[in-house]
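**Student:**
There are 2 protein chains.
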Amino acid sequence: MSFAPSTAAADRAESFVSYSAAAAPIAFERPAARVTATRGEIGIELELRHSGRRALTLRYETQGDASLPALFVAGGISAHKHLAPSREFGEQGWWECQVGNGRSLDPTRYHLVSFDWLGADGSLDIALDPADQADAIAALLDALGIDRLQAFVGYSYGAMVGLQFASRHPARVGEVISISGTHRAHPYAAAWRALQRRAVALGALQCDESQGLALARELAVLSYRTPEEFAERFGAAQVVDGRVRVAAEDYLDHCGNKYVARTSPTAFLRLSESIDLQQVDPSSIRAPVTVVAVTEDRLIPLSESYDLIERLRGETRLRVLRSIYGHDACLKEQAQIDTILREALADCTSVAA
Amino acid sequence: MSFAPSTAAADRAESFVSYSAAAAPIAFERPAARVTATRGEIGIELELRHSGRRALTLRYETQGDASLPALFVAGGISAHKHLAPSREFGEQGWWECQVGNGRSLDPTRYHLVSFDWLGADGSLDIALDPADQADAIAALLDALGIDRLQAFVGYSYGAMVGLQFASRHPARVGEVISISGTHRAHPYAAAWRALQRRAVALGALQCDESQGLALARELAVLSYRTPEEFAERFGAAQVVDGRVRVAAEDYLDHCGNKYVARTSPTAFLRLSESIDLQQVDPSSIRAPVTVVAVTEDRLIPLSESYDLIERLRGETRLRVLRSIYGHDACLKEQAQIDTILREALADCTSVAA
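Protein chains in written order, with full-length UniProt numbering: chain A, 1 to 353; chain B, 1 to 353.
(1) Using the three-state DSSP reduction, which class does Ile177 (chain A) fall into: helix, strand or coil?
(2) Report the option in B:Glu91, B:Tyr157, B:Val113 and B:Ile179 whose CA atom is closest to the CA atom of Ala344 (chain B).
(3) Compile a chain-ordered list of the residues in the stretch 168–198 of chain B whose CB is closer than 9 Å to at least one CB of chain A.
(4) Can you name the start and end residues of the alpha helix (DSSP H) that His186 (chain A) belongs to?
(5) How many angstroms separate the CA atom of Ile26 (chain A) from the CA atom of Ala237 (chain B)?
(6) From His80 (chain B) to Arg103 (chain A), what does the alpha carbon distance come to, in whole angstroms?
(7) What does a CB cutoff of less than 6 Å around Gly203 (chain A) pick up in its chain, not counting 5 residues either side in sequence?
(8) Verify whether the separation of the beta carbon atoms of Glu218 (chain A) and Leu252 (chain A) is less than 8 Å.
(9) Count the other CB atoms, across all protein chains shown, that sit within 10 Å of the CB of Ala352 (chain B); report buried if there are 16 or more and exposed otherwise.
(10) Please determine, among A:Asp297, A:Ser272, A:Ile324 and A:Leu312, the residue with the shortest C-alpha to C-alpha distance to Ser283 (chain A).
(11) Along chain B, which residues have their Cβ under 9 Å away from the Cβ of Pro301 (chain A)?
(12) Give me whichever residues DSSP pairs with Gln63 (chain B) in a beta bridge.
(13) DSSP has Phe152 (chain B) in a bridge; who is on the other side?
(14) Quick one: residues in its chain with C-beta nearer than 6 Å to the C-beta of Gly162 (chain B), no 5 flanking neighbours on either side, listed in chain order?
(15) Once DSSP output is grouped into helix, strand and coil, what is the label at Ile309 (chain A)?
(16) Please identify, using Cβ separations under 8 Å, the residues of the stretch 242–259 of chain B that lie next to chain A, in order along the chain.
(17) Specify, as a first and last residue, the run of the alpha helix (DSSP H) that Gln211 (chain A) falls within.
(18) How many Å lie between Tyr188 (chain A) and Asp297 (chain B) at the Cα?
(19) Suppose the cutoff is 6 Å on Cβ atoms and the five residues either side in sequence are ignored; what does the same chain contact list for Thr290 (chain A) look like?
(20) Can you tell me which residues form a DSSP beta bridge with Leu318 (chain A)?
(21) In angstroms with no decimal places, state the Cα-to-Cα distance between Ala134 (chain A) and Leu46 (chain A).
(22) Can you list the residues of chain B that Glu209 (chain A) reaches, using a CB-CB cut of under 7 Å?
(23) If we define contact as Cβ-Cβ less than 8 Å, is Gln150 (chain A) a contact residue for chain B?
(24) Does any CB atom of chain B fall closer than 8 Å to the CB of Ala237 (chain A)?
(25) Using a threshold of 8 Å, state whether the C-beta atoms of Val113 (chain A) and Ala70 (chain A) are closer than that.
(26) Please name the residue in A:Arg49, A:Ala267 and A:Ile300 whose C-alpha comes closest to that of Ala216 (chain A).
(27) Check for me: the alpha helix (DSSP H) holding Val161 (chain B) runs from which residue to which?
(28) Across which residues does DSSP place Arg262 (chain B) in a beta bridge pair?
(29) I think Leu341 (chain B) touches Gln98 (chain B), with their Cβ atoms under 8 Å apart; what is that distance to the nearest whole Å?
(30) Ignore the nearest five residues each way along the sequence and tell me which others in Arg49 (chain B)'s own chain have a CB closer than 7 Å to its CB.
(31) Closest to Pro301 (chain B) by C-alpha separation, out of A:Phe234, A:Glu333, A:Thr38 and A:Pro227, would be which residue?
(32) Quick check: does the Cβ of Ser178 (chain A) come within less than 7 Å of any heavy atom belonging to the ligand GDP?
(33) Under a Cβ-count criterion, where at least 16 other Cβ atoms within 10 Å of its own Cβ denotes burial, should His254 (chain A) be classed as buried or exposed?
(34) Cβ closer than 7 Å: which chain A residues qualify as neighbours of Phe234 (chain B)?
(35) Identify the continuous alpha helix (DSSP H) that holds Arg233 (chain B) and give its terminal residues.
(36) With H, G and I counted as helix, E and B as strand and the rest as coil, what does DSSP make of Leu277 (chain A)?
This is the structure we're talking about:
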């Protein structure tokens with residue numbers, strides 16, 4: 001929207017030079033050439049599923065020229081509108097390993113749209129359904145003048161919202177790529193999240209929510225990762241000053257503290273709850289869906305992805321990865337996810353063309 | 001020790017009558033005929049691995065005649081000396097499904113010995129090693145005049161202690177049956193337990209440890225059970241008074257409240273820590289070992305049981321169960337565990353004879 005196609009072409013040239021000058025693996029870690037990006041916010045009114053009509057503010061970011069095919073990109077409840085660094089916004093993004101020049105989600109080939117989840121700023125202390133997020137995205141696309149997405153690329157909660165979007169706004173999306181997400185919350189994963197919320201509630205009793213939120217995050221991290229990874233990374237417990245300290249505690253401390261510094265307890269509670277409200281009837285989805293499942297995912301058993309595939313009525317594709325990173329594979333298995341995204345998006349483009 | 005063989009014989013007769021009078025499945029649920037039992041306590045001094053020399057009280061219970069082959073029976077950190085009802089102590093025991101007339105651990109065939117874990121009464125606020133428990137059991141056997149156990153039957157923490165016992169007191173045990181236990185704590189399971197302890201610490205900050213302990217127990221229950229069971233038992237989350245309540249929360253509340261009513265936070269903390277200190281070199285064990293592993297166990301990956309089997313030097317037997325109850329299979333899969341125990345104990349008896 002804010003820059004001409006020639007800018008993107010210049011970026012491609014710059015990128016080429018940069019790749020030649022540096023060792024290839026380092027260049028791949030973070031492309032030196034960056035497209036421009038835009039940020040903005042819009043006010044909307046939305047009928048929320050459990051909480052009535054509300055005035056809401058949506059904060060979005062786009063990368064890549066608006067004339068390119070549009071992709072909506074959404075991650076977990078801790079993800080946000082900033083996918084990767086751009087000229088204007090140089091800070092680290094949550095999905096840098098896939099977003100950038102030469103990567104699967106390439107802003108010189110696609111117009112990438114993303115936003116901050118409803119509730120992410122902690123200002124909404126109400127029940128938020130994943131369907132509400134999907135409707136908010138539809139309103140955002142209206143405001144941006146985007147009739148139809150080439151694809152909705154979602155990971156974790158973002159995949160849940162992508163399925164909701166395809167179900168509720170079928171005319172507006174050509175394809176869904178659903179990575180580590182499902183049509184319904186699993187009762188065991190829901191219980192795990194409910195206990196994380198109890199940790200926040202326990203912390204709140206002493207008017208210091210940060211310790212409760214840190215513990216909640218540490219519990220969440222365990223659910224995102226796997227015993228296989230921990231067995232590789234961590235050794236035996238030690239007795240320190242008469243108490244036992246297990247080997248992963250430094251890492252968990254780090255995860256908890258980092259999270260507390262950037263997350264409001266209310267945002268965590270309401271978005272965590274929102275995952276547990278996920279309910280989509282897969283048979284209501286007509287767009288092609290690529291379901292990416294990870295064998296080691298401790299939140300989404302493989303059987304859930306099979307169930308989703310079986311109940312979808314449109315064109316479907318299943319990709320099963322093995323990864324010691326479990327639910328976090330999407331953020332860690334750069335090469336495998338890259339291949340899957342390219343393949344799914346290429347098919348989608350050829351269908352569209 | 002406290003009753004003659006004729007008592008046991010009378011019990012067998014009574015048992016027979018009882019089984020004939022009632023429908024077999026009901027009789028199998030809880031044998032009407034009960035042997036007599038003894039309880040007692042002894043004071044010992046023990047050199048603890050991390051905490052120096054201490055005066056300790058051991059509280060034990062026995063069932064079955066002292067002239068019968070002796071079995072030491074030990075369960076998880078929440079288990080205790082009372083395995084099953086007896087004439088003298090009619091209250092529910094923690095392993096009734098295996099202990100009783102006609103069951104695999106039959107007090108008319110074996111002299112069953114059990115005790116309350118060191119630290120279970122909350123009086124020891126020190127680091128307790130599973131090796132300390134093994135040494136305490138050796139001291140208890142001295143006091144009871146038992147030179148040698150026919151078998152050490154351990155489940156969970158009890159299996160860990162059983163491996164310690166066989167390593168540290170090789171002359172005193174004919175066989176180890178290790179159900180859902182290992183030679184070393186897994187770093188992922190250890191992290192899970194460390195976060196349970198943090199929940200207790202968070203509760204203690206507000207001078208109300210019960211809420212923290214309840215949350216810790218709820219987290220522990222998740223680790224003992226499986227997504228497969230939860231998918232069968234629980235449905236979708238609901239919005240109740242503006243908040244999300246997941247389907248398993250009533251069950252988890254029940255588990256937490258029940259645990260808090262009977263457990264001291266100090267006991268939980270120190271025994272939970274103790275699991276994380278487990279370190280036995282399997283090659284130091286000479287007794288035959290039956291390793292019982294459960295595919296769905298979320299605390300002890302199957303690979304850990306394979307590693308234990310590979311590193312044992314004596315006679316070994318591996319039994320792998322499938323169970324939706326995961327780590328709790330030992331308490332829920334009555335028939336499968338019964339078969340395994342009978343087989344292992346019969347082999348052991350024939351070797352001894």
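Don't be surprised by glycine CBs; every beta carbon is placed ideally from N, CA and C.
**Tutor:** Per the coordinate set shown:
(1) Position 177 of the first sequence holds residue 177 (chain A). It is a strand residue.
(2) In the second sequence, residue 344 (chain B) corresponds to position 344, counting from 1. For Ala344 (chain B), the nearest C-alpha among the options comes from B:Ile179.
(3) Of all residues in the stretch 168–198 of chain B, only Arg184, Ala185, His186, Pro187, Tyr188, Ala189, Ala190, Ala191, Trp192, Arg193, Ala194, Leu195, Arg197 and Arg198 place a beta-carbon less than 9 Å from a beta-carbon of chain A.
(4) In the first sequence, residue 186 (chain A) corresponds to position 186, counting from 1. His186 (chain A) -> no alpha helix (DSSP H), and no H or E assigned at all.
(5) Here the question's residue 26 (chain A) lines up with position 26 in the first sequence. Here the question's residue 237 (chain B) lines up with position 237 in the second sequence. Note that Ile26 (chain A) has pLDDT 35, beneath the 50 cutoff, so the model's placement of it is unreliable and the number below is only indicative. Taking the straight line from one Cα to the other gives about 45 Å.
(6) Indexing the second sequence from 1 puts residue 80 (chain B) at position 80. Indexing the first sequence from 1 puts residue 103 (chain A) at position 103. So the two alpha carbons sit approximately 58 Å from each other.
(7) Numbered from its first residue, the first sequence carries residue 203 (chain A) at position 203. Around Gly203 (chain A): Glu209, Gln211 and Gly212.
(8) Locating residue 218 (chain A) in the first sequence gives position 218, counting from the first residue. Locating residue 252 (chain A) in the first sequence gives position 252, counting from the first residue. Their beta carbons are under 8 Å apart, which means Glu218 (chain A) touches Leu252 (chain A) by this criterion.
(9) Along the second sequence, one-based indexing puts residue 352 (chain B) at 352. Legend: pLDDT at Ala352 (chain B) = 48, less than 50; position of this residue unreliable, value from coordinates given subsequently. Ala352 (chain B) is exposed by the Cβ-count criterion.
(10) In the first sequence, counting from the first residue as 1, residue 283 (chain A) sits at position 283. Taking only the C-alpha atoms, the option nearest Ser283 (chain A) is A:Leu312.
(11) Sequence index remark: in the first sequence, residue 301 (chain A) carries index 301 (1-based). Those are Pro227, Glu228 and Ala231, listed as they occur along chain B.
(12) Here the question's residue 63 (chain B) lines up with position 63 in the second sequence. According to DSSP, which records beta bridges pairwise, Gln63 (chain B) is partnered with B:Ala37 and B:Leu112.
(13) Along the second sequence, one-based indexing puts residue 152 (chain B) at 152. Answer is B:Phe72 and B:Val176, bridged to Phe152 (chain B).
(14) Walking along the second sequence from the start, residue 162 (chain B) turns up at place 162. Apart from sequence neighbours up to five positions away, the residues of its chain that approach Gly162 (chain B) with a beta-carbon distance below 6 Å are Phe152, Gly154, Val176 and Ser178, ordered along the chain.
(15) In the first sequence, residue 309 (chain A) corresponds to position 309, counting from 1. In the structure shown, Ile309 (chain A) sits in a helix (DSSP, three-state: H, G or I).
(16) Gly242, Arg243, Val244, Arg245, Val246, Ala247, Ala248, Glu249 and Leu252
(17) Position 211 of the first sequence, counted from the first residue, corresponds to residue 211 (chain A). Glu209 to Tyr224 is the span of the alpha helix (DSSP H), which, as asked, contains Gln211 (chain A).
(18) Residue mapping note: residue 188 (chain A) aligns to position 188 of the first sequence, counting from 1. Residue mapping note: residue 297 (chain B) aligns to position 297 of the second sequence, counting from 1. The alpha-carbon atoms of Tyr188 (chain A) and Asp297 (chain B) are separated by roughly 14 Å.
(19) On the first sequence, position 290 is the one that residue 290 (chain A) refers to. Around Thr290 (chain A): Ile177, Arg317 and Ala344.
(20) Counted from its first residue, the first sequence places residue 318 (chain A) at position 318. According to DSSP, which records beta bridges pairwise, Leu318 (chain A) is partnered with A:Val291.
(21) The sequence position of residue 134 (chain A) within the first sequence is 134, counting from 1. The sequence position of residue 46 (chain A) within the first sequence is 46, counting from 1. Rounded to whole angstroms, Ala134 (chain A) to Leu46 (chain A) spans 11 Å at the Cα level.
(22) For the purposes of this step, residue 209 (chain A) is taken as the residue at position 209 of the first sequence. Result: empty, since nearest Cβ-Cβ is about 11 Å, beyond 7 Å.
(23) On the first sequence, residue 150 (chain A) is found 150 positions in, with the first residue counted as 1. Gln150 (chain A) does not count as touching chain B.
(24) Indexing the first sequence from 1 puts residue 237 (chain A) at position 237. True, the Cβ-Cβ gap to chain B drops below 8 Å.
(25) In the first sequence, counting from the first residue as 1, residue 113 (chain A) sits at position 113. In the first sequence, counting from the first residue as 1, residue 70 (chain A) sits at position 70. Going by C-beta atoms, Val113 (chain A) is nearer than 8 Å to Ala70 (chain A).
(26) Taking the first sequence and counting its residues from 1, the one referred to as residue 216 (chain A) is at position 216. Comparing Cα-Cα distances from Ala216 (chain A) to each of A:Arg49, A:Ala267 and A:Ile300, the minimum goes to A:Ala267.
(27) Translated into positions along the second sequence, residue 161 (chain B) becomes position 161. Unbroken alpha helix (DSSP H) run through Val161 (chain B): Tyr157 to Arg168.
(28) Counted from its first residue, the second sequence places residue 262 (chain B) at position 262. None, per the DSSP bridge assignment.
(29) As a position in the second sequence, residue 341 (chain B) is number 341, starting the count at 1. As a position in the second sequence, residue 98 (chain B) is number 98, starting the count at 1. Indeed, because the Cβ distance is near 6 Å, the residues count as touching under 8 Å.
(30) The sequence position of residue 49 (chain B) within the second sequence is 49, counting from 1. Result list for Arg49 (chain B): Asp129, Ala131 and Asp132, in chain order.
(31) For the purposes of this step, residue 301 (chain B) is taken as residue 301 along the second sequence, with counting starting at 1. When the alpha-carbon of Pro301 (chain B) is set against those of A:Phe234, A:Glu333, A:Thr38 and A:Pro227, the nearest one is in A:Pro227.
(32) Looking for the ligand GDP in the displayed structure turns up nothing, as the structure carries no ligands at all.
(33) As a working mapping, residue 254 (chain A) is identified with position 254 in the first sequence. Flag for His254 (chain A) reads exposed.
(34) As a first step, residue 234 (chain B) must be located in the second sequence, where it is residue number 234. Those are Pro187, listed as they occur along chain A.
(35) Taking the second sequence and counting its residues from 1, the one referred to as residue 233 (chain B) is at position 233. From DSSP, the alpha helix (DSSP H) with Arg233 (chain B) extends over Pro227 to Arg233.
(36) Locating residue 277 (chain A) in the first sequence gives position 277, counting from the first residue. The answer is coil: DSSP assigns Leu277 (chain A) none of H, G, I, E or B.
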